[in-house]
RNA sequence: GUGAGUGUAGCUCAGGUGGUAGAGCCCCUGGUUGUGGCCCAGGUGGUCGCAGGUUCAAGUCCUGUCACUCACCCCA
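Residue numbers (our numbering): 70 to 487.
#1: Does the distance from the CB of residue 401 to the CB of residue 430 come in under 8 Å?
#2: Where do the N-terminal and C-terminal ends of the beta strand (DSSP E) with residue 179 fall, by residue?
#3: Taking the Cβ atom as the reference point for each residue, do residue 199 and residue 313 lie within a distance shorter than 8 Å?
#4: For the beta strand (DSSP E) containing residue 338, list its first residue and its last residue.
#5: Tell me the residue span of the alpha helix (DSSP H) that contains residue 297.
#6: Is the segment 244-259 touching the segment 267-287 in the sense that three or more CB pairs, one from each, lie closer than 8 Å?
#7: Taking the alpha carbon of residue 395 as the point to measure from, which residue in 428, 418, 375 and 404 has its own alpha carbon closest?
#8: Could you tell me which whole beta strand (DSSP E) segments of length 3 or greater appear in the segment 396-431?
#9: What residues in its chain sit with their C-beta under 7 Å from that of residue 244, if we drop five residues either side in the sequence?
#10: Using 8 Å for Cβ pairs, my map puts residue 378 next to residue 196. What's the rounded Cβ distance?
#11: So, are the CB atoms of residue 202 and residue 214 less than 8 Å apart?
#12: How many whole angstroms separate the CB atoms of residue 160 and residue 166, which I take to be in contact at a CB cut-off of 8 Å?
#13: Enumerate, from N- to C-terminal direction, the unbroken alpha helix (DSSP H) stretches of 4 or more residues contained entirely within the segment 432-464.
#14: Under the DSSP definition of a beta bridge, which residues are partnered with residue 320?
#15: Along the chain, where does the beta strand (DSSP E) containing residue 383 start, and where does it finish?
#16: On a CA-only basis, which of 338, 178, 194 and 222 is nearest residue 236? Give me that one, please.
#17: How would you call residue 204, buried or exposed, if buried means at least 16 neighbouring beta carbons within 10 angstroms?
#18: Going by alpha carbons, who is nearest to residue 158 out of 460, 246 and 111?
#19: Examine the ligand HEM and report whether any of its heavy atoms sits within less than 7 Å of the Cβ of residue 316.
#20: Going by the DSSP bridge assignment, what does residue 108 pair with across the sheet?
#21: Would you identify the three-state DSSP class for residue 197, choosing helix, strand or coil?
#22: Classify residue 370 as buried or exposed, calling it buried when 16 or more other Cβ atoms lie within 10 Å of its own Cβ.
#23: Buried or exposed for residue 445, going by 16 or more other Cβ atoms inside 10 Å?
#24: Between which two residues does the alpha helix (DSSP H) holding residue 474 run?
#25: Just the Cα atoms here: how many angstroms apart are residue 106 and residue 482?
#26: Once the 5 residues before and after residue 323 are set aside, which same chain residues still bring their CB inside 6 Å of it?
#27: Tell me which residues share the same chain as residue 220 and place their Cβ nearer than 6 Å to its Cβ, disregarding the 5 neighbours each side in the sequence.
#28: With the cut-off set at 8 Å, would you say residue 80 and residue 191 are in Cβ contact?
#29: Please tell me whether residue 480 and residue 416 are closer than 8 Å, where the distance is taken between their beta carbons.
#30: Buried or exposed: which applies to residue 24, given that a residue is buried once 16 or more other Cβ atoms fall within 10 Å of its Cβ?
#31: Residue 138 lies in the beta strand (DSSP E); which residues open and close that run?
#32: Where do the ends of the beta strand (DSSP E) carrying residue 358 lie?
#33: Hey, could you find the ends of the alpha helix (DSSP H) residue 123 is sitting in?
#34: If you draw a straight line from the alpha carbon of residue 489 to that of residue 303, how long is it in whole angstroms?
#35: Hey, quick one: how far does the alpha helix (DSSP H) through residue 483 stretch, first residue to last?
#36: Going by CA-CA distance only, name the one from 206, 307, 443 and 287 that's closest to residue 259.
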């Protein structure tokens, strides 16, 4: 029979790799609640319109990257390409948006984008998503970035850079865009790459983070958004910076940081790694403030901000870290001892020890090889003699020391023999 | 959507000019009638991505096709 394989850009995760994901989730559950965030669960599938309206109809995500299907009644549904839209929808739909206060949530799960896969980019990928609603204060932006920093440290990640920028608001951004367009139109065509020649009319902000060298030269002379901010935005940005400085976050102002989703306002940020292992996709997290979004999706005018971490990319940085190991491995060398082995193992598990029992009697040599391979700390040997005397041989696989232990003392012995 | 590269054992890969498949690792067994990791010996395992074509003969040459990888665009 022909085999059926997984579809392009989707992955099966097995140990040891899967352990990295467990680790990231575990640390998220540890760190985020320290700041008052609670975990939520929301659907993976939403009405297509939700994404078109929140992310922006002209963005690449909506234009060419969405997994969109018609359901059995012909309604257009889309697998979420990012989490924020769904969280905002749920926030409004639950009625929470209409009650005042500060709301803090985090969630994680799969996202879907129809792109050509490459290193650090999958069609089904996973994000850890954090959202906060309510505060308009710059301290909220600052603390959010601080929490992200804290979380990444908790994962053991160092040498990261936080790029921070402000995109202005509805008032000042259009003014800046005008200036930028004016500047770009007087640049000789041959000084820009083909993409940017097109972009300077369709999406001028994107020219700012083009990677082509000659474009970057042009951009160096271009007007900077942070020089064109209105008073309010400028003050906001300065206060965010104050928090970043007092928190000793390794941050840099990147005036060319433009995010690909339309809903961002004011603060935006991105965390990048220069680790060789991560490939060309160096951004491991990104986010910002999206003050108009809740209203835009039919809710009240509640400010919001948040970020997402790309788990696949972080996994590349963590690679090979987490290896599961056992506390004991029960080697059964006599058929009659199989059931006693199960019983013994069960008692140890009730004390919190992790271990496995062999389900078939084999040579002791084969068992020890296996125990060693599974990186078990000890091997419990159960054969004919032990069965008769109601004892078990406990061998410490690190030291090689071994001793006979009565069944009723096994829990205690395992504690000592570590 | 664009470009480049790669498909031979579970994994990493050898296989000038065509002559009907190899190594290392892994796994299993034995060397030690019940003692692992090192060493030694042996063993399991392959429709050479798939389909056509050329040829007495194709892993090797030609055509097509599929898959994967990396990069661009863009994003986490």
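No residue lacks a Cβ here, since even glycine has one placed at the ideal position from N, Cα and C. Bear in mind that the values here come from a model prediction, so they are computed numbers and not experimental data.
On the basis of the coordinates in this document:
#1: yes
#2: Counted as a single uninterrupted DSSP element, the beta strand (DSSP E) harbouring residue 179 occupies residues 172-181.
#3: It is not a contact, given that the beta carbons lie outside the stated cut-off.
#4: That run of the beta strand (DSSP E) goes 334-342.
#5: Careful: residue 297 lies outside any alpha helix (DSSP H) and carries neither H nor E.
#6: yes
#7: 418
#8: 397-401 and 424-426
#9: 297
#10: 6 Å
#11: no
#12: 5 Å
#13: 433-442 and 453-458
#14: 231, per the DSSP bridge assignment.
#15: Not the beta strand (DSSP E): residue 383 falls in the alpha helix (DSSP H), residues 380-387.
#16: 338
#17: buried
#18: 111
#19: The ligand HEM is not part of the structure shown, which contains no ligands of any sort.
#20: 175
#21: strand
#22: exposed
#23: buried
#24: Unbroken run through residue 474 is the beta strand (DSSP E), 471-475; no alpha helix (DSSP H).
#25: When rounded, the distance between both Cα atoms is 42 Å.
#26: 232 and 234
#27: 100
#28: yes
#29: Yes; because the gap between Cβ atoms is below 8 Å, this pair is in contact.
#30: An answer regarding residue 24 cannot be provided, because it is not within the stretch 70 to 487 covered by the chain.
#31: 136-139
#32: 352-358
#33: 117-124
#34: This structure does not reach residue 489, given that the chain is present from 70 up to 487, and the question cannot be answered.
#35: 479-485
#36: 287
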